[in-house]
Amino acid sequence: ALTKVRFALARTSQVGLGLLWLTGLILVWSKYGGPGGMPAAFWIKIALVVLVTVVVAVTSLATKQVRNGDTAAGARLPVYGIAGAVLLVLIVVFAVIAFSP
3 ALTKVRFALA RTSQVGLGLL WLTGLILVWS KYGGPGGMPA AFWIKIALVV
53 LVTVVVAVTS LATKQVRNGD TAAGARLPVY GIAGAVLLVL IVVFAVIAFS
103 P
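What follows is the structure, given as C-alpha coordinates:
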(Lines of atoms letter the chains of each structure in order from A and count residues from 1; the text may use other names and numbers.)
(Lines give C-alpha, C1' and ligand atoms only; values in the text may rest on other atoms or scores of the structure.)
Protein backbone atom coordinates (compact mmCIF):
# COMPACT_ATOMS: atom_id res chain seq x y z
CA ALA A 1 0.00 0.00 0.00
CA LEU A 2 2.78 2.42 0.89
CA THR A 3 4.56 1.72 -2.39
CA LYS A 4 1.45 2.74 -4.33
CA VAL A 5 1.30 6.00 -2.38
CA ARG A 6 4.97 6.66 -3.13
CA PHE A 7 4.37 6.20 -6.87
CA ALA A 8 1.32 8.49 -6.76
CA LEU A 9 3.31 11.17 -4.93
CA ALA A 10 6.11 10.88 -7.47
CA ARG A 11 3.66 11.50 -10.32
CA THR A 12 2.13 14.44 -8.44
CA SER A 13 5.57 15.99 -7.97
CA GLN A 14 6.27 15.66 -11.71
CA VAL A 15 3.05 17.48 -12.55
CA GLY A 16 3.81 20.13 -9.92
CA LEU A 17 7.29 20.70 -11.34
CA GLY A 18 5.84 21.13 -14.82
CA LEU A 19 3.33 23.66 -13.51
CA LEU A 20 6.10 25.55 -11.72
CA TRP A 21 8.10 25.78 -14.97
CA LEU A 22 5.03 27.07 -16.80
CA THR A 23 3.97 29.62 -14.20
CA GLY A 24 7.58 30.73 -13.61
CA LEU A 25 8.06 31.51 -17.29
CA ILE A 26 4.75 33.38 -17.40
CA LEU A 27 5.75 35.37 -14.31
CA VAL A 28 9.17 36.33 -15.66
CA TRP A 29 7.70 37.66 -18.89
CA SER A 30 4.53 39.24 -17.47
CA LYS A 31 6.06 40.95 -14.44
CA TYR A 32 9.70 41.48 -15.35
CA GLY A 33 9.52 41.79 -19.15
CA GLY A 34 11.67 38.74 -19.76
CA PRO A 35 14.83 37.25 -18.33
CA GLY A 36 17.19 39.86 -19.79
CA GLY A 37 17.52 42.07 -16.73
CA MET A 38 17.44 39.41 -14.07
CA PRO A 39 20.20 39.32 -11.42
CA ALA A 40 22.86 36.62 -11.15
CA ALA A 41 21.01 34.95 -8.26
CA PHE A 42 18.09 34.35 -10.62
CA TRP A 43 20.34 32.50 -13.07
CA ILE A 44 21.79 30.39 -10.27
CA LYS A 45 18.22 29.57 -9.23
CA ILE A 46 17.37 28.57 -12.81
CA ALA A 47 20.44 26.32 -12.98
CA LEU A 48 19.33 24.66 -9.74
CA VAL A 49 15.80 24.22 -11.12
CA VAL A 50 17.28 22.52 -14.18
CA LEU A 51 19.24 20.21 -11.87
CA VAL A 52 16.17 19.36 -9.79
CA THR A 53 14.29 18.64 -13.03
CA VAL A 54 17.06 16.21 -13.98
CA VAL A 55 16.85 14.60 -10.52
CA VAL A 56 13.08 14.18 -10.94
CA ALA A 57 13.58 12.60 -14.36
CA VAL A 58 16.28 10.23 -13.09
CA THR A 59 14.11 9.34 -10.09
CA SER A 60 11.23 8.59 -12.43
CA LEU A 61 13.41 6.26 -14.50
CA ALA A 62 14.70 4.54 -11.37
CA THR A 63 11.14 4.11 -10.12
CA LYS A 64 10.21 2.35 -13.36
CA GLN A 65 13.23 0.10 -12.93
CA VAL A 66 12.12 -0.72 -9.37
CA ARG A 67 8.69 -1.68 -10.68
CA ASN A 68 10.46 -4.09 -13.04
CA GLY A 69 12.34 -5.69 -10.13
CA ASP A 70 15.68 -3.85 -10.23
CA THR A 71 16.70 -3.69 -6.56
CA ALA A 72 19.86 -1.71 -7.33
CA ALA A 73 17.72 1.12 -8.69
CA GLY A 74 15.68 1.04 -5.50
CA ALA A 75 18.84 1.45 -3.44
CA ARG A 76 19.64 4.67 -5.30
CA LEU A 77 16.24 6.29 -4.68
CA PRO A 78 17.13 7.68 -1.21
CA VAL A 79 20.19 9.41 -2.68
CA TYR A 80 18.02 11.06 -5.32
CA GLY A 81 15.60 12.14 -2.61
CA ILE A 82 18.34 13.80 -0.58
CA ALA A 83 19.77 15.50 -3.68
CA GLY A 84 16.33 16.80 -4.60
CA ALA A 85 15.71 18.12 -1.09
CA VAL A 86 19.04 19.95 -0.97
CA LEU A 87 18.42 21.45 -4.40
CA LEU A 88 14.93 22.60 -3.39
CA VAL A 89 16.29 24.40 -0.32
CA LEU A 90 18.95 26.10 -2.45
CA ILE A 91 16.30 27.11 -5.01
CA VAL A 92 14.30 28.85 -2.29
CA VAL A 93 17.41 30.60 -0.95
CA PHE A 94 18.40 31.94 -4.36
CA ALA A 95 14.80 32.91 -5.19
CA VAL A 96 14.68 35.01 -2.04
CA ILE A 97 18.01 36.63 -2.94
CA ALA A 98 16.96 37.22 -6.55
CA PHE A 99 13.55 38.69 -5.86
CA SER A 100 14.21 40.63 -2.63
CA PRO A 101 14.02 44.40 -3.01
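With my numbering applied, the sequence shown covers 3 to 103.
For each residue, glycine too, the CB sits at the ideal point set by N, CA and C.
| In whole angstroms, what is the alpha-carbon distance linking L11 and L29? | Taking the straight line joining both Cα atoms gives about 26 Å.
| request: Using alpha carbons as the reference points, say which of V54, I46, T25 lies closest to F96. | output: Each of V54, I46, T25 was checked against the Cα of F96, and the nearest Cα belongs to I46.
| task | Using beta-carbon positions only, say whether I93 and L50 come within less than 7 Å of one another. | result | Cβ distance < 7 Å, so I93 and L50 count as in contact.
| field | Cut-off 8 Å between Cβ atoms - residues of its own chain near S15, not counting five sequence neighbours on either side | value | V58
| If you run the structure through DSSP and keep just helix, strand and coil, what is P37? | Residue state, collapsed to three classes: helix.
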